[in-house]
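> Take a look at this one; I'll ask things after.
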Amino acid sequence: MAESVLPVLMYHGLHAGESGSGCFDSIYSVTPESFAAQLDWLRANGYRSVRLDDMGAGEGKRVVISFDDGDVSNATVALPALRERGMVAEFFVTSDFIGQRGMLTAHDVRALADAGMGIQSHGRSHRLLEDLDDEALYAELRDSKARLESASGMPVVAVAFPGGCGGGRERDVALGLGYRHVLGSVPGCNRGRRPHECYQRIAITRAMALPEFSGLVAWRGWRPRLASLRFRALRVPKQLLGNDRYQRLRARLLAR
Ligand SMILES: [Zn+2]
Numbered sequence: 001m002a003e004s005v006l007p008v009l010m011y012h013g014l015h016a017g018e019s020g021s022g023c024f025d026s027i028y029s030v031t032p033e034s035f036a037a038q039l040d041w042l043r044a045n046g047y048r049s050v051r052l053d054d055m056g057a058g059e060g061k062r063v064v065i066s067f068d069d070g071d072v073s074n075a076t077v078a079l080p081a082l083r084e085r086g087m088v089a090e091f092f093v094t095s096d097f098i099g100q101r102g103m104l105t106a107h108d109v110r111a112l113a114d115a116g117m118g119i120q121s122h123g124r125s126h127r128l129l130e131d132l133d134d135e136a137l138y139a140e141l142r143d144s145k146a147r148l149e150s151a152s153g154m155p156v157v158a159v160a161f162p163g164g165c166g167g168g169r170e171r172d173v174a175l176g177l178g179y180r181h182v183l184g185s186v187p188g189c190n191r192g193r194r195p196h197e198c199y200q201r202i203a204i205t206r207a208m209a210l211p212e213f214s215g216l217v218a219w220r221g222w223r224p225r226l227a228s229l230r231f232r233a234l235r236v237p238k239q240l241l242g243n244d245r246y247q248r249l250r251a252r253l254l255a256r
């Protein structure tokens, strides 16, 4: 039997440009055209999109499509593109962002869930969980789960750590609260992953052309090595500056 791999793709917003609704990010905003081309590539290459709870079912190549933060384009752009192709995704929503400008409304969250998409937690406030004391960490994971379950009418079984920051303490609190899956943002294809270990994810960026996308999904060749190197290089300023100062520096750089 082939060793199992599971690419988990990490998207944010889908935006043609800076104008329009949604929160544009020059790195992470993927154009609707690129997103459609990526879904078509997945289908043409035999990948079946699955929800995190359905991974055991069926044969063949599988992929998890995930979205972080809860940008309004998750409902206006991603949902129709997925439905058209009979595909599914997991939407990791920061519960305090619901109803804010450019973000999903409670009605959008319900519409995504009613369409068979997963509504999962990306924290309550998007504060980095590693920086919180035990009580605040617990509250972030408990309150976001409750709010999202009430908005979606479905159980929330997965959490993606804001900023990808979380380790054993964060995972154990999440599992204790009834989450079954925890996701980070270390690049990888989850080869030989152990149960309850943090899922690795592949960040999809605006500048990514289809050959790079396909190389990362298949996790073959030099592209995965480059992605891992880039990730480790970015970790250095993060560790030197601390999470909070790193996020502010990144925001300042991105604002230019
Ligand atoms: Zn986020």
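Numbering-wise, my numbering puts 235 at position 235 of the sequence shown, and it's gapless, one number per residue.
By construction, the Cβ of each residue, glycine as well, lies at the ideal position given by its N, Cα and C atoms.
Every value quoted in this text rests on a predicted model; they were computed, and no experiment measured them.
Between which two residues does the beta strand (DSSP E) containing Gln120 stretch?
Taking the first residue of the sequence shown as position 1, residue 120 is located at position 120. Note, Gln120: beta strand (DSSP E), 118-121.
> Say yes only if the C-beta of Pro162 is nearer than 7 Å to one or more non-hydrogen atoms of ligand 1, and no if none qualify.
Taking the first residue of the sequence shown as 1, we reach residue 162 at position 162. Yes - ligand 1 has a heavy atom lying nearer than 7 Å to the Cβ of Pro162.
> Within its chain, find whatever has a CB closer than 6 Å to the CB of Val156; leave out the 5 residues flanking it on each side and keep chain order.
Residue numbering aside, residue 156 sits at position 156 when the sequence shown is read from its first letter. Closer than 6 Å at the Cβ level, and outside the excluded window around Val156, lie Gln120, Ser121, Lys145, Leu148, Glu149.
> With a threshold of 7 Å, establish whether the CB of Asp69 neighbours any heavy atom of ligand 1.
Residue mapping note: residue 69 aligns to position 69 of the sequence shown, counting from 1. Asp69: yes, Cβ under 7 Å from ligand 1.
> Looking at ligand 1, does it come within less than 7 Å of His126, judged from the CB to the closest heavy atom?
Taking the first residue of the sequence shown as 1, we reach residue 126 at position 126. Within the cutoff, so yes.
> Does DSSP classify Asp133 as helix, strand or coil?
What you label residue 133 is simply residue 133 of the sequence shown in a count that begins at 1. If DSSP states are grouped into helix, strand and coil, Asp133 belongs with coil.
> Measuring alpha carbon to alpha carbon, tell me which of Pro32, His15, Ala75 ends up nearest Ser26.
Indexing the sequence shown from 1 puts residue 26 at position 26. The shortest C-alpha separation from Ser26 is found at His15.
> Starting from the N-terminal side, write out each stretch of the beta strand (DSSP E) that is 3 residues or longer and does not extend beyond the stretch 44-129.
62-69, 90-93, 118-121
> For His15, verify whether its CB is less than 7 Å away from any heavy atom of ligand 3.
Within the structure as shown, ligand 3 is missing, the only ligands being ligand 1.
> Note down the Cα distance separating Ala151 from Glu84, rounded to an integer number of angstroms.
Position 151 of the sequence shown, counted from the first residue, corresponds to residue 151. Position 84 of the sequence shown, counted from the first residue, corresponds to residue 84. Spanning the two alpha carbons is a distance of roughly 24 Å.
> Please tell me whether Val88 and Gly116 are closer than 8 Å, where the distance is taken between their beta carbons.
Taking the first residue of the sequence shown as position 1, residue 88 is located at position 88. Taking the first residue of the sequence shown as position 1, residue 116 is located at position 116. In this structure, Gly116 lies closer than 8 Å to Val88 by Cβ.
> Along the alpha helix (DSSP H) that carries Val302, what are the first and last residues, could you check?
Residue 302 is absent from the structure shown; the chain starts at 1 and stops at 256.
> Are the Cβ atoms of Leu129 and Val63 separated by less than 8 Å?
In the sequence shown, counting from the first residue as 1, residue 129 sits at position 129. In the sequence shown, counting from the first residue as 1, residue 63 sits at position 63. By the CB criterion at 8 Å, Leu129 and Val63 fall outside the cutoff.
> Are the beta-carbon atoms belonging to Phe113 and Gly178 less than 8 Å from one another?
Taking the first residue of the sequence shown as position 1, residue 113 is located at position 113. Taking the first residue of the sequence shown as position 1, residue 178 is located at position 178. Before going on, a small fix: residue 113 reads as Ala here, not Phe. The answer is no: Cβ separation not under 8 Å.
> Excluding the five sequence neighbours on either side, which residues of its own chain have a C-beta within less than 7 Å of the C-beta of Ala106, listed in chain order?
By one-based count along the sequence shown, residue 106 stands at place 106. If we look at Ala106 and ignore the five residues flanking it on each side, its Cβ neighbours are Ile98, Gly99, Ala151.
> Would you kindly work out how many angstroms separate the C-alpha atoms of Gly123 and Gln200, rounded to a whole number?
Working through the sequence shown from its first residue, we reach residue 123 at position 123. Working through the sequence shown from its first residue, we reach residue 200 at position 200. In a straight line, the C-alpha of Gly123 is about 18 Å away from that of Gln200.
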